[in-house]
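To start, the structure under review is shown below, and the notes come after it.
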Amino acid sequence: MENFDPYLGKTLGSFHVDSKLGSGAMGVVYQATHTPSGKKFALKLLPREMSLQGQTAVRFRREANLLQQFKHPNIVRFLAFGKHQGDMYVAMEMVTGGTLDALLDKEAPLDWREAARLAIEICDALQYAHEREVVHRDLKPSNLLLTPDRHIKLSDFGIAKDLMGTDLTATGRTLGTAAYMAPEQISIASSISHKTDLYALGVILHQMLSSKLPFDATTQPAMLAAHLNNPPPRPSSKNPEIPLVLDDLVYSLLQKAPSERPWDALAVATQLRDLLDSDAAGKPIKYVVKPGLNPTRAGADDLARRASKGKNKPKSARNYGKMAEVAGLVAVLGLILGGVGYWLWPPSEEYLFARATQMMQSGEYTDWTAAMSRYIGPLERRFPDNPHQSEIRQWKDKILAERVNRRAEVLDKSTIATLGRPDNPAEDAYIKARDAAADDIRAGRLTHIAGHWQKLAETLAPMAEKDDIARGWLLLTQERLRQVREAWEADTRPVLEKHRRWMQAHRFGSPKDLEETTQEFQDALKNSKVWSATMPDQFPLDPKFEPVEPPAGN
66 MENFDPYLGK TLGSFHVDSK LGSGAMGVVY QATHTPSGKK FALKLLPREM
116 SLQGQTAVRF RREANLLQQF KHPNIVRFLA FGKHQGDMYV AMEMVTGGTL
166 DALLDKEAPL DWREAARLAI EICDALQYAH EREVVHRDLK PSNLLLTPDR
216 HIKLSDFGIA KDLMGTDLTA TGRTLGTAAY MAPEQISIAS SISHKTDLYA
266 LGVILHQMLS SKLPFDATTQ PAMLAAHLNN PPPRPSSKNP EIPLVLDDLV
316 YSLLQKAPSE RPWDALAVAT QLRDLLDSDA AGKPIKYVVK PGLNPTRAGA
366 DDLARRASKG KNKPKSARNY GKMAEVAGLV AVLGLILGGV GYWLWPPSEE
416 YLFARATQMM QSGEYTDWTA AMSRYIGPLE RRFPDNPHQS EIRQWKDKIL
466 AERVNRRAEV LDKSTIATLG RPDNPAEDAY IKARDAAADD IRAGRLTHIA
516 GHWQKLAETL APMAEKDDIA RGWLLLTQER LRQVREAWEA DTRPVLEKHR
566 RWMQAHRFGS PKDLEETTQE FQDALKNSKV WSATMPDQFP LDPKFEPVEP
616 PAGN
């Protein structure tokens, strides 16, 4: 019997196998009942014959080990690992809402808000795994399970790579599904990092927003070649009724070079949450094409209704339908001509500057980057001698400073080893200065801290003349110096006030006034981080903030 399954109705440990759910290269999945509790679970089984195939058994054990360590609401929950007469199995929570793959088959393209919400949950799961040095490497809609209320459960870590351990990819082979594979997976396995998963996330987001994969290829070799060589498409090329921010984000996720993708899954989730928060608060959202104004859909509803019902309508109704169809086509023509007009008469210098000014006044970093790509860049390219050079430089510095500040947070706080490594000489200089200043920062030695930042600024200054990234790090360093100066002034202000009163009592006051002000001044010195070791008679007459050289060896 071809359909006979020897495991159906069998008991494995404390699980009774009820029905088969699916199968793949890493095993067979069944629905099973946990006999002590009566609860339903998913049982992933690796039959003996499959365990003899290469590294399959090792990968299966490691997936079980990873799931056992993971405890996250968006990752499938592990229950037990067992072995029965040579068959290995993993028991996991039963997720009954289907897969994202099935959802996309039925409903794609998704509303952009729903796509963003699902992507946030995927990001949360990825960030959790990445912080534990695990890259999934096979992120795709069929591995993203859905609960009945449509929450994500990331599954199938069978080919995950442990960044701190052994790579179980067979020599000369690539693992993962071709449509979602990052360029570095196809060419050089050693360069795989957490950003490999971000590329796959970009493919999934593109698919959720447009219902199409980024690259149109009919064979696996053609698909792999497209990932390696074809420019990344924007989802707006297939569905323009999406926010500019979302369009830019997907485009950045699909960059060929990992260094050009977002820093990590947390950064992606933050942008998506900011977008949804703005929408929920009623703030205006900038779209590629505002919903309802898409020329490719003008008249489409009328045409569809005519095809299904037109024959049964009276003549007058059919004539009205024709008028609506003509109106739709006129709208299409008008928008097309408008598009031609855009290219024949592109935006003026004043228009580009005005739009850039408006977007740069926003408090959102994503608006600034959109302004750079859509208005500031074209303004510089088309009008190189424009009179707005000073404003443009300030805008660029604003974007650079925020970009570098976000990168500094990653370098300072990330628990992912690969994220903490410098990508360029400016980052390397920053890390060295930060590490050298660590003891002084902990001790609150403000003038020593300023000395470290001053030395870093001197190192970065010549680099910043030739490199924008280095300029961004110089701007960050100058901001750190300003913050240290403000802290110094806040610390010394009460000391200077007590010093003034003490001097007045010394010259004009009574012995009692002198005694009281001396005690107050001495207490203020003790409470000061800058002057805590100073006695009243040692206090300089003209205390100035000057960064001091940090002690040798720091």
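Numbering of the sequence shown is given in my numbering, commencing with residue 66 and proceeding in unit increments.
Cβ coordinates follow ideal geometry from the N, Cα and C atoms, glycine included.
Helix, strand or coil at residue i [DSSP, three-state]
i: Thr-335; result: helix
i: Pro-349; result: coil
i: Phe-448; result: coil
i: Gln-96; result: strand
i: Thr-524; result: helix
i: Leu-263; result: helix
i: Pro-356; result: coil
i: Leu-319; result: coil
i: Leu-191; result: helix
i: Val-595; result: coil
i: Pro-308; result: strand
i: Trp-518; result: helix
i: Ser-276; result: coil
i: Leu-579; result: helix
i: Glu-614; result: coil
i: Glu-530; result: coil
i: Lys-303; result: coil
i: Ala-243; result: helix
i: Leu-204; result: coil
i: Ala-19; result: The structure shown does not extend to residue 19, since the chain is modelled only from 66 to 619, so the question has no answer here.
i: Asp-176; result: coil
i: Ala-282; result: coil
i: Ile-257; result: coil
i: Asp-170; result: helix
i: Phe-586; result: helix
i: Pro-443; result: helix
DSSP beta-bridge partners of residue i
i: His-149; result: Asp-152
i: Thr-76; result: His-81
i: Ile-140; result: Leu-219
i: Glu-158; result: Phe-106
i: Ser-88; result: Val-93
i: Thr-164; result: Leu-210
Residue i - containing beta strand (DSSP E), residue span
i: Ala-107; result: 104-111
i: Leu-561; result: Not the beta strand (DSSP E): Leu-561 falls in the alpha helix (DSSP H), residues 533-573.
Residue i burial status per 10 Å Cβ neighbour count (16 or more: buried)
i: Phe-69; result: exposed
i: Ser-302; result: exposed
i: Arg-446; result: exposed
i: Asp-176; result: exposed
i: Gly-267; result: buried
i: Arg-507; result: exposed
i: Tyr-495; result: buried
i: Gln-569; result: exposed
i: Thr-76; result: exposed
i: Pro-279; result: buried
i: Phe-610; result: exposed
i: Glu-530; result: exposed
i: Glu-614; result: exposed
i: Ala-503; result: exposed
i: Gln-454; result: exposed
Cutoff 9 Å: residue i Cβ touching any chain B Cβ
i: Leu-131; result: Absent here is chain B; the protein component of the structure consists of one chain.
Residue i - containing alpha helix (DSSP H), residue span
i: Leu-476; result: 454-478
i: Met-425; result: 414-425
i: Ile-506; result: 490-508
i: Leu-289; result: 285-294
i: Trp-433; result: 430-436
i: Pro-248; result: 248-252
Any non-hydrogen atom of the ligand COA closer than 8 Å to residue i Cβ
i: Lys-461; result: Among the components of this structure there are no ligands whatsoever, and the ligand COA is therefore not found.
Q) Counting Cβ pairs closer than 8 Å, one from the stretch 336-356 and one from the stretch 274-291, do we hit at least three? A) No, the stretch 336-356 does not touch the stretch 274-291.
(Q) Counting beta carbon pairs with one atom in the stretch 180-189 and one in the stretch 125-136, are three or more of them shorter than 8 Å? (A) By the Cβ test, the stretch 125-136 is not in contact with the stretch 180-189, since fewer than three Cβ pairs between them sit closer than 8 Å.
Q. Should the stretch 191-199 be regarded as contacting the stretch 162-170, the criterion being three or more beta carbon pairs within less than 8 Å?
A. Remark: fewer than three beta-carbon pairs, one from each stretch, lie closer than 8 Å, so the stretch 191-199 and the stretch 162-170 are not flagged as touching.
**Q.** Contact between the stretch 291-302 and the stretch 340-350 (3+ Cβ pairs under 8 Å)
**A.** Touching, no.
**Q.** Stretch-stretch touch, CB-based, cutoff 8 Å, three pairs: the stretch 513-524 with the stretch 441-456
**A.** Short answer: they don't touch.
Q: Evaluate contact between the stretch 472-479 and the stretch 547-561, counting only Cβ atoms and requiring at least three cross-stretch pairs below 8 Å.
A: Contact between the stretch 472-479 and the stretch 547-561 is absent, because fewer than three Cβ pairs lie under 8 Å.
Q. When the Cβ atoms of the stretch 91-103 are set against those of the stretch 132-143, are three or more pairs found closer than 8 Å?
A. Verdict: no, contact absent.
Q: Assess, as a yes-or-no matter, whether the stretch 245-262 is touched by the stretch 196-208 under the definition of 3 or more beta carbon pairs within less than 8 Å.
A: With contact defined as three or more Cβ pairs closer than 8 Å, the stretch 196-208 and the stretch 245-262 are in contact.
Q) Is the stretch 150-163 touching the stretch 290-300, taking contact as three or more C-beta pairs under 8 Å? A) Judged by pairs of C-beta atoms under 8 Å, the stretch 150-163 does not touch the stretch 290-300, as fewer than three such pairs exist.
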